[in-house]
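Structure first, then comments.
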Amino acid sequence: MNAIHLRLRVLLLAALAWPAPAAEGPFFITYTHQMEEPGNLEIATREVMGKPEGGNRFFGITNELEYGVQAWWTTELYLEGQATSHDGALFTGYRWENRFRLLPHEHWINPVLYVEFENINDANRSLLEVVGHDGQDGLASPIAIAGREKKRELEAKLILGSNVRGWNISENFIAEKNVRHAPFEFGYAVGVSRPLALAARPEPCNICPENFQAGLELYGGLGTHDGFGLRQTSHYLAPTMAWQTASGATFKVSPGFGITGQSAGFLLRVAVSYEISQFARALRKQPKQAVRPNPYDDLERDDKAGQKLFRRECASCHGEDAQGMGHAPAPASASPGEILRVLRDGSMRRGMPSFSHLPEQQRRQILSWLKTLDSSATTPHR
Ligand code: HEC
């Protein structure tokens, strides 16, 4: 077996051993202020289907690799293609994106700066954002012509996000500029979402309300530097739903409805993502067994749910039994107040991400499990 083969195999094993939720809420277009956890790699694909008036049905494909460089810095590469019926299929370009969290602690409103370089052509149908006077006429141009029209663009977004009582409310403001000519184009996206249940069940489960998030997003263009405003712009209203399975894969679906004459009438989006925790570490060493006997069978409901959440969200850095690993200390030794504070704010510069996106109930369930470890510190349970 050659080395690449072996690595792939280890990677696959690692992925199965350390699944983690890919969570950015259920949105497709709106960004929340949640960052990729440092060291985690998310692999995702998302598709959009639509049919502009007077054009052919198209299928836009976006493949993504997202990596948490620091707790406050996430980087992402997109590779895109499209297929149009009665026309053809082609590669439509790539984007490289970076997101920086601007404030180290969690606030009412949390700003993140997004900077992206795009090298795509006019046949791109990913519709990852709608800006300027983007409209359905642009979606109807034939591949042979649009594919030759190259666009190099810089895009900046200001992302504002709030997590309040299990709800996420996010607002994005977009400015895009062709590097050579053309004026600035503007756009926006706003979204609101909530998991169907705020507390976690004690047992591992797939079809349980805590694993579903429902949301609604609204996005569209705001014209250009020369013609700012809503005139001749497209806007979409899109309910969204995400389902996170116990294995770590997340599925999303969102029907979108065009609400102005410029917009395409209907867009259907679907996505699948998978997150590999501690990617670099997983490459370096063979992971532990995924299934281990549970020494905490007699725990109360909340403690057990907390343990389940801990293994999913925290174990890749702090160890399966919260014993501490590498730079991540044994968390149970901190006071309850400190644990809740760190879960909310993170310790951004030192590699501990914020978990403000988890509902408060789930953070308390984790605390409740950690405290069972603390009180039994003198009577080791292993
Ligand atoms: C990406 C790795 C990573 C993940 C995931 C992670 N942590 Fe941490 N955590 C750290 C690091 C690194 C530190 C040390 C930060 C510091 O020194 O300020 C830390 C610190 C802490 C502390 C403070 C400990 C002390 O003694 O001050 C607590 C509590 C904690 N983490 C709990 C958790 C919980 C609970 C989760 C899951 C919801 C979690 N962490 C997920 C890396 C991680």
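If you use the working numbering, the sequence shown corresponds to residues 12 to 393, in order.
All C-beta atoms in this analysis are idealised placements derived from N, C-alpha and C, irrespective of residue type, glycine included.
What you are looking at is a predicted structure, and each value in this text was computed from that prediction instead of being measured.
The ligand HEC heavy atom lying under 8 Å from the CB of residue i
i: Val-80; result: no
i: Glu-324; result: yes
i: Met-46; result: no
i: Ser-379; result: no
i: His-368; result: no
i: Glu-87; result: no
i: Leu-209; result: no
i: Leu-52; result: no
i: Ser-233; result: Ser is not the amino acid found at residue 233; the sequence shown has Leu there. Leu-233 Cβ: outside cutoff for every heavy atom of the ligand HEC.
i: Ala-186; result: no
i: Arg-355; result: no
i: Arg-112; result: no
i: Leu-294; result: no
i: Arg-362; result: Here residue 362 is Gly; the residue named in the question, Arg, does not match the sequence. True, at least one ligand heavy atom lies under 8 Å from that Cβ.
i: Ser-344; result: yes
i: Ile-270; result: no
i: Leu-384; result: no
i: Ala-339; result: yes
i: Ile-350; result: yes
i: Pro-206; result: no
i: Gln-318; result: no
i: His-329; result: yes
i: Phe-321; result: yes
i: Gln-372; result: no
i: Gln-334; result: no
Member of the options whose CA lies at the smallest distance from the CA of residue i
i: Ile-40; options: Met-363, His-144, Ser-265, Gly-317; result: Ser-265
i: Gly-99; options: Arg-68, His-118, Thr-383; result: Arg-68
i: Ala-291; options: Leu-310, Arg-242, Ser-245, Cys-328; result: Cys-328
i: Leu-124; options: Glu-108, Ser-137, Ala-134, Glu-117; result: Glu-108
i: Ala-282; options: Pro-49, Glu-58, Tyr-42; result: Glu-58
i: Ser-204; options: Leu-233, Ser-173, Lys-188; result: Ser-173
i: Ser-274; options: Gly-267, Gln-289, His-246; result: His-246
i: Val-190; options: Ala-345, Ile-131, Arg-361; result: Ile-131
i: Ile-170; options: Arg-112, Asn-135, Ser-152; result: Arg-112
i: Ala-134; options: Gly-158, Phe-262, Ser-181; result: Gly-158
i: Asn-179; options: Arg-110, Val-201, Leu-101, Gly-337; result: Val-201
i: Val-142; options: Gly-232, Arg-361, Gly-267; result: Gly-232
Whole-Å CB distance - residue i paired with residue j, under 8 Å assumed
i: Gly-79; j: Thr-85; result: 6 Å
i: Trp-197; j: Ala-186; result: At residue 197 the sequence reads Phe, which differs from the Trp that was named. Contact holds; Cβ gap of about 6 Å.
i: Ser-367; j: Arg-355; result: 5 Å
i: Glu-129; j: Glu-164; result: 4 Å
i: Ala-82; j: Gly-357; result: 6 Å
Alpha carbon of residue i to alpha carbon of residue j, nearest angstrom
i: Met-363; j: Ile-72; result: 33 Å
i: Pro-298; j: Ala-94; result: Annotation note: pLDDT 49 at Pro-298 (below 50); position unreliable, coordinate value reported separately. If you take the alpha carbons of Pro-298 and Ala-94, they lie about 39 Å apart.
i: His-97; j: Leu-150; result: 14 Å
i: Lys-168; j: Leu-52; result: 22 Å
i: Ala-225; j: Glu-35; result: 12 Å
i: Met-252; j: Asn-183; result: 20 Å
i: Gly-177; j: Ala-155; result: 47 Å
i: Leu-351; j: Lys-162; result: 46 Å
i: His-236; j: His-144; result: 11 Å
i: Glu-75; j: Leu-88; result: 6 Å
i: Pro-213; j: Pro-347; result: 21 Å
i: Arg-242; j: Glu-47; result: 36 Å
i: Pro-342; j: Asn-121; result: 25 Å
i: Pro-220; j: Trp-254; result: 9 Å
i: Pro-32; j: Glu-286; result: Note that Pro-32 has pLDDT 49, beneath the 50 cutoff, so the model's placement of it is unreliable and the number below is only indicative. Taking the straight line joining both Cα atoms gives about 6 Å.
i: Ala-208; j: Ala-257; result: 15 Å
i: Arg-280; j: Ala-326; result: 32 Å
i: Pro-340; j: Gly-50; result: 17 Å
i: Leu-227; j: Lys-263; result: 13 Å
i: Arg-303; j: Glu-331; result: Confidence in Arg-303 is poor, its pLDDT being 49 and thus under 50, which makes the residue's placement unreliable; the coordinate value appears in the next sentence. Cα to Cα, Arg-303 sits roughly 10 Å from Glu-331.
i: Tyr-199; j: Leu-310; result: 47 Å
Buried versus exposed, by CB contacts within 10 Å (16 or more), residue i
i: Gln-45; result: buried
i: Leu-384; result: buried
i: Gly-407; result: With the chain covering 12 to 393 only, the question about residue 407 has no answer from this structure.
i: Phe-277; result: exposed
i: Trp-119; result: exposed
i: Trp-380; result: buried
i: Phe-321; result: buried
i: Leu-378; result: buried
i: Pro-394; result: Because the chain here runs from 12 to 393, residue 394 falls outside it and cannot be looked at.
i: Glu-117; result: buried
i: Gly-66; result: buried
i: His-192; result: exposed
i: Phe-38; result: buried
i: Pro-206; result: buried
i: Gly-272; result: exposed
i: Gly-269; result: buried
i: Leu-138; result: buried
i: Asp-313; result: buried
i: Gly-61; result: buried
Closer than 9 Å to chain D by CB, residue i
i: Ala-134; result: Protein chains in the displayed structure number just one, and chain D is not present.
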